[in-house]
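The sequence shown begins at 95 in the numbering used here and counts up one residue at a time.
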Amino acid sequence: MDLQNHYHKLFIILISLALSAPAYAHEMWIEPLEASAKAKTKITAHLRVGQDFNGEAMYYLPRNLQKLGISDATGDRKIVRVIGDFPVFEQSPKSDGLQILYYLSRATKITYKTSEKFQKFLQNVGLDWVFGAHQKAGFPNVNFSETYVRYAKALMNRGTPSGQDKKIGLMFEIIAQENPYQLKLKDGSGQLRVQLIWQDKPLAKAQISIFEKPLINVATTDNSDQQDYQDSTLTKLRTNANGFLLIPVKANKTYMLNSVQMTRGNSDTDVIWNSHWASLTFSILP
């Protein structure tokens, strides 16, 4: 590695460390470089943090994660990387069909200087009731803390489309009820059914934010951290009584679904709330 690349890598690692804390409403997602490809094509995907389905690619930082893995027709396997590896996901496939990539972060603490940003974040993710509960309980409106945990999944395909998304043991998880790479569309559009699971039970009446942008299915030769920023659209819908939701989808599009759940923090500390962020990324092919 030449000196210029060394300093570039060091710089991006520092950026990754800085971005490991959300700016109150930042999503984290897994973004494949090639959502669908031939059977032997390497599985490569970035871990990104940002807003509006655009963000910075992160380096592998083991201090930030609890689980990193792939599930396919052969079973589940952990991914072990070296600090600074880029992209975070880079593995050879072991089978054809659906590849389920997943990431579970460690809990990280952030502090709100004022309540305004906290309230804006809650409104954005459809959890207005939390701010009301915060006020009713008499919690402080300045210098209070929250921890957050990320639960990210992505669906990829290698070879002939086959297989099905499933529970992979995350406390908060979005599960596709159909394989998006086998989805039958009519006139280039259709619906994909998903279920939101919280602590092994369906989560009813919960908001899922649906981000859509043009299909991402082109690998760069250098696995660049630079992203081709494209306008995305956002739709917010809520699950039904059984945690299900029909997602409207179109051909040649990439989707990221995001949902947030809040729980009370530890009363023995200054952490008042815990936020839990679930995401699911997939593409709909031509």
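Just so it is clear, CB atoms sit at the ideal spot from N, CA and C, and this is done for glycine as well.
> Around the Cβ of VAL343, are there at least 16 other Cβ atoms within 10 angstroms (buried) or fewer (exposed)?
Replying inline: When all chains shown are included, VAL343 counts as buried.
> Hey, ILE124 and PHE183 are a contact pair by Cβ (cut 8 Å); roughly how many whole angstroms apart?
Replying inline: Cβ atoms of ILE124 and PHE183 come within 8 Å of each other, at about 7 Å.
>> Buried or exposed for ARG171, going by 16 or more other Cβ atoms inside 10 Å?
In response: Residue environment: ARG171 is assigned as exposed (fewer than 16 neighbouring CB atoms within 10 Å of its CB, all protein chains considered).
>> Here's the rule I'm using: 16 or more other beta-carbon atoms within 10 Å means buried, otherwise exposed. How should GLN271 be labelled?
In response: Classification of GLN271: exposed, given that the 10 Å Cβ count is below 16.
> Could you check where the alpha helix (DSSP H) with PHE222 kicks off and where it finishes?
Replying inline: Reading the sequence as shown, one finds Asp at residue 222 and not Phe. For ASP222, the enclosing alpha helix (DSSP H) starts and ends at 222-230.
> Cα-Cα, which of ASP281, ASP259, ASP222, PHE266 is closest to GLY169?
Replying inline: ASP259 is the residue among ASP281, ASP259, ASP222, PHE266 whose C-alpha sits nearest the C-alpha of GLY169.
> Between HIS120, GLU121, GLU128, which lies nearest to GLY253 when the distance is taken from Cα to Cα?
Replying inline: Comparing Cα-Cα distances from GLY253 to each of HIS120, GLU121, GLU128, the minimum goes to GLU128.
> Which residue's Cα is closest to the Cα of PRO126: ASN273, LEU195, SER303, ALA335?
Replying inline: Comparing Cα-Cα distances from PRO126 to each of ASN273, LEU195, SER303, ALA335, the minimum goes to LEU195.
> With 16 as the cutoff for other CB atoms within 10 Å, does PRO187 come out buried or exposed?
Replying inline: With at least 16 other beta carbons inside 10 angstroms of its own, PRO187 counts as buried.
> How far does the beta strand (DSSP E) with GLN285 in it reach, from first residue to last?
Replying inline: From DSSP, the beta strand (DSSP E) with GLN285 extends over 283-292.
> Out of ALA248, TYR349, LYS280, ARG358, which has the shortest C-alpha to C-alpha gap to LYS307?
Replying inline: Closest option to LYS307, Cα to Cα, is TYR349.
> Is there contact between the stretch 325-333 and the stretch 205-217, where contact requires at least three CB pairs shorter than 8 Å?
Replying inline: No: the two stretches stay apart, fewer than three of their Cβ pairs being nearer than 8 Å.
>> Using DSSP's beta-bridge definition, name the partner residues of ARG332.
In response: Beta-bridge pairing by DSSP links ARG332 to GLN301.
>> Which same chain residues end up closer than 6 Å to VAL224 when comparing Cβ atoms and leaving out the 5 residues on each side of it in sequence?
In response: When the five nearest sequence neighbours on each side are left out, the beta carbons in the same chain lying within less than 6 Å of the beta carbon of VAL224 are those of LEU216, MET356, in order along the chain.
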